[in-house]
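Participant: In the numbering used here, the protein residues as written are 5 to 582. Each residue gets a CB set at the ideal place from its N, CA and C atoms; glycine is no exception. Before anything else, here's the structure in question.
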């Protein structure tokens, strides 16, 4: 008699792998064949008593495939076509038996030993992809049961994870369970994705871990754990800007969750995070101060969260307290800024940076002399940082500070203390917007300290940017001062040029200044040496000019008279000198 099709061998699986797995694990029928069992047969079969695995992302192996060994169904009565035995009804819904059978078994006994062993075999096989189509026929309750079991199993494996090569094997096994959990969870796989991403990170598969974190953030853009995890991976991949962006956002959303994530890192990684975070906060503060606009509430909230996190991560670093104080000051919270500075580790003597912050707060309280005293110590140590602090002041506050610093600088210079005066001079320059008067004052101070190159830079700025300030007498004096500085640097040629320009602008004023310093005879000697050098190069016109300008300073100078006669004599062959 012709065999009934129910007694034939199993049909092939839709992907060709399920049957092979079934034979490996001891069940001789394919999933497609099993779906055709209906009615009482379905109730007799423990079709989907499977272990639930928790998965961490949809991109790797992660379908569910497998059943307990199926027993042979009862043969159909002759003449039956499909559906229930003995009926002539049309084809049944192939998915219907799965939810009923799986729900009956899973809800009745949970996960039995044989089913758990089956899931374990599927995981060990490394081929879970064929299980994904099967999960489509599971009810929601069954999928959640499967997800919960797989997730719990993965956590148990990770908790018992040994070190070394065996640890890597355990991690890969946990990943397989997590992948099954993710397929079962569908859109609710965030927890499993996070854990699987960490597992991939342990195995050094950074880009795969990044994929899982991105999957979480697509579903939950404000997931702090995913932001922190992605940030740490970005650091490992030398993408520091992206890392700092994610950390800043995570701190702003939930610092209580983000800070422990950062503190769990090794010291080297922590240092990378804190340095990047500090640099970004400084850049954002500088941008806000350069724009001349106060911090918005949103920006202030993020920066304060970052500053507080830095203090919490490494409370022994004074720089983090200073950064937080700057953020609070920029946000207008002066009392809180002072309290933050009080908590900072104390150094003896106090650092210039810390003193400057106290000075800024003193100025906010109206104590201008005390503010100038504390701020001037940073003027020479770090002019760029002082400039940032000064931008946190109102225009009237800067003006008061400039005047106080200039007065103190004059007093110290007059009392013969140029060393103490220099900080006040620089403070006046920075707070006053590089005003020519303050640049001249600092140049004078620097000259007394024999820092001639710096003094020359200040005078050159005055002559280049504000040469007409104060009128002709001031300009002449600036040129004479420039010449004297060049003489101190041993550059007689350029010094002669500065003196010559001064004599051309106003001879009487220039003579008076040069007679005072460097003196009548020394000035004449400078012109003589320059004229002689020009004669050697046969530049007769320039040598003639040098001799005449020298005689303006000292009309009775014999050497200059002889130089002039020599120039006339040697250049007499058709060379018109004047």
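(1) What are the uninterrupted segments assigned as alpha helix (DSSP H) that are 4 or more residues long and contained completely in the region 449-494, given in chain order?
(2) Helix, strand or coil for residue 427? Go by DSSP, reduced to three states.
(3) From which residue to which residue does the alpha helix (DSSP H) around residue 185 run?
(4) Measuring only the C-alpha atoms, how far is residue 409 from residue 417?
(5) Applying the 10 Å Cβ sphere with the 16-neighbour rule, what's the burial state of residue 378?
(6) Is the beta carbon of residue 422 less than 8 Å from the beta carbon of residue 382?
(7) Hey, how far is the Cα of residue 530 from the Cα of residue 554?
(8) Check residue 165 in the structure and name its three-state DSSP category.
(9) Closest to residue 335 by CA distance: which of 316, 366, 293 and 323 is it?
(10) What is the rounded straight-line gap between the Cα of residue 368 and the Cα of residue 407?
(11) Can you name the start and end residues of the alpha helix (DSSP H) that residue 553 belongs to?
(12) Check whether the region 388-397 and the region 337-355 touch, using three or more Cβ-Cβ pairs below 8 Å as the test.
(13) Return yes when at least one heavy atom of the ligand COA lies under 7 Å from the C-beta of residue 518, else no.
(14) Helix, strand or coil, according to DSSP, for residue 28 in the structure here?
(15) Distance check for residue 326 and residue 440, CA to CA, integer angstroms please.
(16) Alpha carbon to alpha carbon, how far is residue 172 from residue 198? Give it in angstroms, no decimals.
(17) Can you tell me which of the three DSSP states residue 504 falls into?
(18) Looking at residue 303 and residue 281, is the spacing between their C-beta atoms short of 8 Å?
(19) How long is the line joining the alpha carbons of residue 393 and residue 193, rounded to whole angstroms?
(20) Are the Cβ atoms of residue 463 and residue 482 separated by less than 8 Å?
(21) Can you find the residues in the same chain that come closer than 8 Å, C-beta to C-beta, to residue 564, ignoring five residues on each side of it along the sequence?
(22) Quick check on residue 568: buried or exposed, where buried means 16 or more other Cβ atoms within 10 Å of its Cβ?
(23) Residue 380 and residue 437 - do their beta-carbons sit closer together than 8 Å?
(24) What three-state label does DSSP hand residue 352 in the structure shown?
(25) Which residues in the same chain have their Cβ closer than 7 Å to the Cβ of residue 488, if we skip the five residues on either side of it in sequence?
(26) Roughly how far, in whole angstroms, is the beta-carbon of residue 341 from the beta-carbon of residue 329, given that I think they are within contact range, below 8 Å?
(27) Sort 221, 509, 258 and 321 by Cα distance to residue 478 and report the nearest one.
(28) Compare the C-alpha of residue 414 against each of 372, 284 and 449 and name the closest.
(29) Sorted by chain position, which residues of the same chain lie with C-beta nearer than 6 Å to residue 460's C-beta, five sequence neighbours on each side aside?
(30) Taking the alpha-carbon positions, what's the residue 512 to residue 549 distance?
(31) Return the residue from the list 338, 524 and 573 that minimises the CA-CA distance to residue 560.
(32) Following the continuous alpha helix (DSSP H) through residue 563, name the residue where it begins and the one where it ends.
Facilitator: Here's the rundown:
(1) 456-470 and 476-492
(2) The count along the chain shown starts at 1 and reaches residue 427 at position 423. Helix.
(3) As a working mapping, residue 185 is identified with position 181 in the chain shown. Counting along the chain, the alpha helix (DSSP H) containing residue 185 begins and ends at 169-189.
(4) Residue 409 sits at position 405 when you count from the first residue of the chain shown. Residue 417 sits at position 413 when you count from the first residue of the chain shown. Approximately 12 Å between the Cα atoms of the pair.
(5) Within the chain shown, numbered from 1, the residue matching residue 378 stands at position 374. With 16 or more other Cβ atoms within 10 Å, it is buried.
(6) The sequence position of residue 422 within the chain shown is 418, counting from 1. The sequence position of residue 382 within the chain shown is 378, counting from 1. It is not a contact, given that the beta carbons lie outside the stated cut-off.
(7) For the purposes of this step, residue 530 is identified with residue 526 of the chain shown, where counting begins at 1. For the purposes of this step, residue 554 is identified with residue 550 of the chain shown, where counting begins at 1. Each residue's Cα considered, the two are about 8 Å apart.
(8) As a working note, residue 165 is residue 161 in the chain shown. Under the three-state reduction of DSSP, residue 165 is assigned to coil, being neither helix nor strand.
(9) Within the chain shown, numbered from 1, the residue matching residue 335 stands at position 331. Checking every option, the nearest Cα to that of residue 335 belongs to 293.
(10) Position 364 of the chain shown, counted from the start, is the residue given in the question as residue 368. Position 403 of the chain shown, counted from the start, is the residue given in the question as residue 407. One C-alpha to the other measures close to 16 Å.
(11) On the chain shown, residue 553 is found 549 positions in, with the first residue counted as 1. Its alpha helix (DSSP H) spans residues 544-557.
(12) no
(13) Because no ligand of any kind appears in the structure shown, any question about the ligand COA cannot be addressed here.
(14) For the purposes of this step, residue 28 is identified with residue 24 of the chain shown, where counting begins at 1. Low confidence applies here, because residue 28 scores a pLDDT of 34, under 50, leaving its location unreliable and the question unanswered by this model.
(15) On the chain shown, residue 440 is found 436 positions in, with the first residue counted as 1. On the chain shown, residue 326 is found 322 positions in, with the first residue counted as 1. So the alpha carbons of these two residues sit roughly 32 Å apart.
(16) What you label residue 198 is simply residue 194 of the chain shown in a count that begins at 1. What you label residue 172 is simply residue 168 of the chain shown in a count that begins at 1. Going from the Cα of residue 198 to the Cα of residue 172 covers about 18 Å.
(17) Within the chain shown, numbered from 1, the residue matching residue 504 stands at position 500. Looking at residue 504 - three-state DSSP - the assignment turns out to be helix.
(18) Position 277 of the chain shown, counted from the start, is the residue given in the question as residue 281. Position 299 of the chain shown, counted from the start, is the residue given in the question as residue 303. Annotated as distal: residue 281 and residue 303, with beta-carbon spacing of 8 Å or more.
(19) Position 389 of the chain shown holds residue 393. Position 189 of the chain shown holds residue 193. If you take the alpha carbons of residue 393 and residue 193, they lie about 48 Å apart.
(20) As a working note, residue 463 is residue 459 in the chain shown. As a working note, residue 482 is residue 478 in the chain shown. Yes, the Cβ-Cβ distance between residue 463 and residue 482 is below 8 Å.
(21) As a working note, residue 564 is residue 560 in the chain shown. For residue 564, where only same-chain residues beyond five positions count, the Cβ hits under 8 Å are 528, 531, 532, 535, 551, 554, 555 and 558.
(22) Walking along the chain shown from the start, residue 568 turns up at place 564. With 16 or more Cβ atoms within 10 Å of its Cβ, residue 568 is classed as buried.
(23) Taking the first residue of the chain shown as position 1, residue 437 is located at position 433. Taking the first residue of the chain shown as position 1, residue 380 is located at position 376. By the CB criterion at 8 Å, residue 437 and residue 380 fall outside the cutoff.
(24) Reading the chain shown from its first residue, position 348 is the one you call residue 352. Here residue 352 sits in coil by DSSP.
(25) The residue labelled residue 488 in the question sits at position 484 within the chain shown. Around residue 488: 521 and 522.
(26) Translated into the one-based positions of the chain shown, residue 341 becomes position 337. Translated into the one-based positions of the chain shown, residue 329 becomes position 325. Their Cβ separation, rounded to whole angstroms, is 4 Å, which keeps residue 341 and residue 329 in contact under 8 Å.
(27) Taking the chain shown and counting its residues from 1, the one referred to as residue 478 is at position 474. When the alpha-carbon of residue 478 is set against those of 221, 509, 258 and 321, the nearest one is in 509.
(28) For the purposes of this step, residue 414 is taken as the residue at position 410 of the chain shown. That would be 449, whose Cα lies nearest to the Cα of residue 414.
(29) Sequence index remark: in the chain shown, residue 460 carries index 456 (1-based). Taken in chain order, the residues that qualify are 489.
(30) Here residue 512 refers to the residue found at position 508 when the chain shown is read from its first residue. Here residue 549 refers to the residue found at position 545 when the chain shown is read from its first residue. Each residue's Cα considered, the two are about 17 Å apart.
(31) Counting from 1 along the chain shown, the entry for residue 560 is found at position 556. When only C-alpha atoms are compared, the closest one is 524.
(32) Locating residue 563 in the chain shown gives position 559, where the first residue counts as 1. Looking at the DSSP string, the run of the alpha helix (DSSP H) that includes residue 563 is 562-574.
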